[in-house]
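Here the structure comes first, spelled out in structure tokens, and everything after it is commentary.
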Amino acid sequence: MKTIRHFLKETDFSLSELETIFERCHELKSNRGKSQSPLPLAGQSWGMLFFKNSTRTRISFDVGLGELGAHRLFLDLNSMQISRGESIADTARVVSRYLHGMVIRAYEHEILEEFAREGSMPIVNALTDFLHPCQIYADAFSIAEKLTPSVPSLEDVRGRKLVFIGDCDSNMANSWILGGCMMGMEVVLCGPDHFQPGQRIRDLVNASDLQGSFRFTTDPGEACSNADVIYTDVWVSMGDEGEAQLRKDMLQPYQVTRAMMSLAKPTALFMHCLPAHKGEEVESEVLEMPNSIIFDQAENRLHMQKAILATLVELNR
Ligand code: CP
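If you're matching positions, the sequence shown starts at 24 in my numbering and goes up one per residue.
Put into structure tokens, the structure is as follows:
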């Protein structure tokens, strides 16, 4: 029986497959809306199951699947039998009989792994508490595009210093550790000791054969010095609301400010996966600086996810 390829984590594609995905993303972006655009998912039906709220991911997948020719169904969690206790395993086995693939956002990464293990269709990670791989691929493409707009490639991100500031024990930090190391970047995590990268991501990186490196520091000045990219994310994610004030107090020294940006290279990009809490993890003015590429990142989710889906379907044929 053929092994089904999924996209649950950054390293589920090889580096050479990721190079092709970058090329495809650039092509899809350049040719969007043209009548001869390819429809590699024509005749397929894809489900979208979201256990958590979403604006960017939900809309960009819905639009992207449609533009690739797929019929798509937004599966309302509250009206699925999962909400009444039907197991993930049985759900995966049943819906695999109807669908050609699923895009899933969940709290526990294990839910996606169970869908992938029990079902017989490709699963795409639309964010879990552990990783957000579609975001990292789109963000890396956005960095490459700013550096070499004509033909963005993986070569453009290799060796770049990316500083992630804030909660370094979060899905976005984990994804930068894994994705950045895969792409040969220098990833610096900066935050309070309490929010250091966890053992699970360290084990995953150690078990993978990756080109880049990552390190953790509590010193924002040292971290930001000579950076190519400064990245942050919200301090209180969905599910963390119970400790909101504690998090804000501990993370306050790690707010991205204009002063912090001035320590980086003059060309340094500011990035945020959005939504942002203005004035909390980042000064409002930083979001509006000319080098802030937050809306390009958001747009590239669409093009990159189309490239990921087209590649996944091709590899599973
Ligand atoms: N960045 C991101 O995943 O946004 P949404 O939560 O709106 O999908």
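Ideal Cβ placement from N, Cα and C applies to all residues, glycine included.
Open item on the list: Can you give me the C-alpha to C-alpha distance between L201 and L31, rounded to a whole angstrom?
Closed with: Locating residue 201 in the sequence shown gives position 178, counting from the first residue. Locating residue 31 in the sequence shown gives position 8, counting from the first residue. C-alpha separation (whole angstroms): 12 Å.
TODO: Identify the continuous alpha helix (DSSP H) that holds K271 and give its terminal residues.
DONE: Here residue 271 corresponds to residue number 248 of the sequence shown, with the count starting at 1. Counting along the chain, the alpha helix (DSSP H) containing K271 begins and ends at 267 to 274.
TODO: Reducing DSSP to helix, strand and coil, say where I258 ends up.
DONE: Residue numbering aside, residue 258 sits at position 235 when the sequence shown is read from its first letter. In the sequence as presented, Ile is not what sits at residue 258; that position holds Trp. Correct three-state label for W258: coil.
TODO: Verify whether the separation of the beta carbon atoms of H132 and D152 is less than 8 Å.
DONE: Position 109 of the sequence shown, counting from 1, holds the residue named residue 132. Position 129 of the sequence shown, counting from 1, holds the residue named residue 152. Cβ atoms of H132 and D152: closer than 8 Å.
- [ ] Hey, could you find the ends of the alpha helix (DSSP H) V118 is sitting in?
- [x] Here residue 118 refers to the residue found at position 95 when the sequence shown is read from its first residue. In the DSSP assignment, V118 falls within the unbroken alpha helix (DSSP H) covering 111 to 118.
TODO: Thinking H217 and M273 are a contact (beta carbons under 8 Å), I'd like their distance in whole angstroms, please.
DONE: Taking the sequence shown and counting its residues from 1, the one referred to as residue 217 is at position 194. Taking the sequence shown and counting its residues from 1, the one referred to as residue 273 is at position 250. Indeed, because the Cβ distance is near 6 Å, the residues count as touching under 8 Å.
- [ ] Assign N54 to one of three DSSP states: helix, strand, or coil.
- [x] The sequence position of residue 54 within the sequence shown is 31, counting from 1. Assignment of N54 by DSSP, reduced to helix, strand and coil, places it in the coil class.
Open item on the list: Does the CB of C296 have a neighbour CB from chain B at under 8 Å?
Closed with: No chain B appears in the structure shown, which is made up of a single protein chain.
Task: Straight-line Cα distance separating E337 from P63 - done: As a first step, residue 63 is located in the sequence shown; it is residue number 40 there, counting from the start. As a first step, residue 337 is located in the sequence shown; it is residue number 314 there, counting from the start. Cα to Cα, P63 sits roughly 8 Å from E337.
Open item on the list: Could you give the first and the last residue of the continuous alpha helix (DSSP H) run that contains R81?
Closed with: Taking the first residue of the sequence shown as 1, we reach residue 81 at position 58. From DSSP, the alpha helix (DSSP H) with R81 extends over 79 to 90.
Open item on the list: Are the CB atoms of G87 and L269 within a distance shorter than 8 Å?
Closed with: Residue mapping note: residue 269 aligns to position 246 of the sequence shown, counting from 1. Residue mapping note: residue 87 aligns to position 64 of the sequence shown, counting from 1. Result no, Cβ atoms of L269 and G87 do not sit closer than 8 Å.
- [ ] Specify the secondary structure class of G203 as computed by DSSP and reduced to three states.
- [x] Position 180 of the sequence shown holds residue 203. Looking at G203 - three-state DSSP - the assignment turns out to be helix.
Open item on the list: Taking its Cβ as the centre, do 16 or more other Cβ atoms sit within 10 Å of R120, making it buried, or is it exposed?
Closed with: Taking the sequence shown and counting its residues from 1, the one referred to as residue 120 is at position 97. R120 comes out exposed.
- [ ] Would you check if the stretch 40 to 60 and the stretch 290 to 306 touch, i.e. whether three or more CB-CB distances between them fall below 8 Å?
- [x] No contact exists between the stretch 290 to 306 and the stretch 40 to 60.
- [ ] Identify whether S315 lies in helix, strand or coil by the three-state DSSP scheme.
- [x] By one-based count along the sequence shown, residue 315 stands at place 292. Residue state, collapsed to three classes: strand.
Open item on the list: Can you check which of these residues, K184, G70, L135, is closest to A287 by C-alpha distance?
Closed with: Along the sequence shown, one-based indexing puts residue 287 at 264. From the listed residues K184, G70, L135, the smallest Cα separation to A287 is found for K184.
TODO: Check whether the stretch 144 to 162 touches the stretch 90 to 101, taking contact to mean three or more Cβ pairs, one atom from each stretch, closer than 8 Å.
DONE: In short, these stretches do not touch, since the Cβ pair count stays below three.
Task: H326 versus P220: straight-line alpha-carbon distance, rounded - done: Residue numbering aside, residue 326 sits at position 303 when the sequence shown is read from its first letter. Residue numbering aside, residue 220 sits at position 197 when the sequence shown is read from its first letter. Roughly 30 Å separates the two Cα atoms.
Open item on the list: Here's a check: name, in chain order, each residue in its chain whose Cβ is nearer than 6 Å to the Cβ of A65, leaving out the five neighbours to either side.
Closed with: Translated into the one-based positions of the sequence shown, residue 65 becomes position 42. Correct list, in chain order: G92.
Open item on the list: I'd like the list of long-range same chain contacts for Q104, defined as Cβ closer than 8 Å, with 5 residues on each side in sequence excluded.
Closed with: The count along the sequence shown starts at 1 and reaches residue 104 at position 81. The answer, listed in chain order, is T114.
Open item on the list: For ligand 1, I want to know if S77 counts as a neighbour, meaning its beta carbon is within less than 7 Å of at least one of the ligand's heavy atoms.
Closed with: Taking the first residue of the sequence shown as 1, we reach residue 77 at position 54. In this structure, S77 has its CB closer than 7 Å to one or more heavy atoms of ligand 1.
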